[in-house]
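Visitor: Please read through the structure below; I'll follow up with questions.
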Amino acid sequence: MYSFVYLSLGRGWHLYSFPPTVSPPAPSSFPTTVQTRSLNATSIEVSWSPPGIRQRNGRLTGYQVRYFEVADPVGTDRIASLPRDRQRRLQVHALKVNTYYAFAVRAINANGEGPWSGFSNHKTNLKCKSTG
């Protein structure tokens, strides 16, 4: 409880108290079950499950997916934002053929971004038909 004492002219001293308000923090855990699969020789689909209910710290508002070529993480680092909490998959297109990529996912709520998941690596193929 916070309390303030103030002097009101002609009325004397007053005490004003109020409970502190604290916003819930950003998600405290990362999405789980991050999986990848080839769609074709230049496309990969990433899917995941949300963090546990208690680790969300409020309603999720979206996700971010980070991906890059394993051989060149600095030059190819990308982040895709998904602004809906129920969208739990992303198709990444225009990738290089026969190349390893790393993917990580994090959840977002109104108070910020949670931690990144561990990386899931996937290699695009020389030739690949759609699976699914």
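Here the sequence shown is numbered in the UniProt record's numbering, starting from 1 and rising by one per residue. The C-beta atom is built at its ideal place from N, Cα and C for all residues, glycine as well.
Measure the C-alpha to C-alpha separation of D85 and A110 and round it to an integer number of angstroms.
Guide: Their backbone Cα atoms lie some 11 Å apart in a straight line.
Visitor: Pairing CB atoms from the segment 24–40 with CB atoms from the segment 72–83, are three or more of them under 8 Å?
Guide: Short answer: they don't touch.
Visitor: What do you get for N98, buried or exposed, if any count of 16 or more other CB atoms within 10 angstroms of its CB means buried?
Guide: N98 should be labelled exposed.
Visitor: Mind checking which residues open and close the beta strand (DSSP E) that includes Q35?
Guide: It spans 32–40 - the beta strand (DSSP E) in which Q35 sits, taken as one unbroken run.
Visitor: Hey, I44 and H122 are a contact pair by Cβ (cut 8 Å); roughly how many whole angstroms apart?
Guide: Yes, they are in contact, since the Cβ atoms of I44 and H122 sit about 5 Å apart, within 8 Å.
Visitor: Buried or exposed: which applies to Q64, given that a residue is buried once 16 or more other Cβ atoms fall within 10 Å of its Cβ?
Guide: Classification of Q64: buried, given that the 10 Å Cβ count is 16 or more.
Visitor: Helix, strand or coil: which one does DSSP assign to Q55?
Guide: It is helical.
Visitor: With a cut-off of 8 Å on the beta carbons, I'd call S47 and R78 a contact; round off their distance for me.
Guide: At roughly 18 Å, the Cβ-Cβ gap does not stay under 8 Å, so S47 and R78 are not in contact.
Visitor: Would you tell me roughly how many angstroms separate the C-alpha atoms of L39 and G112, rounded to the nearest one?
Guide: L39 and G112: Cα-Cα distance of roughly 32 Å.
Visitor: Skipping 5 residues on each side, what residues in its chain have a beta carbon closer than 6 Å to that of N125?
Guide: Result list for N125: S38, A41, in chain order.
Visitor: Pull up the distance between the alpha-carbon of A104 and that of S81, whole angstroms please.
Guide: If you take the alpha carbons of A104 and S81, they lie about 12 Å apart.
Visitor: Whole angstroms are fine: how far does the CA of N57 sit from the CA of W13?
Guide: Their Cα atoms are separated by approximately 40 Å.
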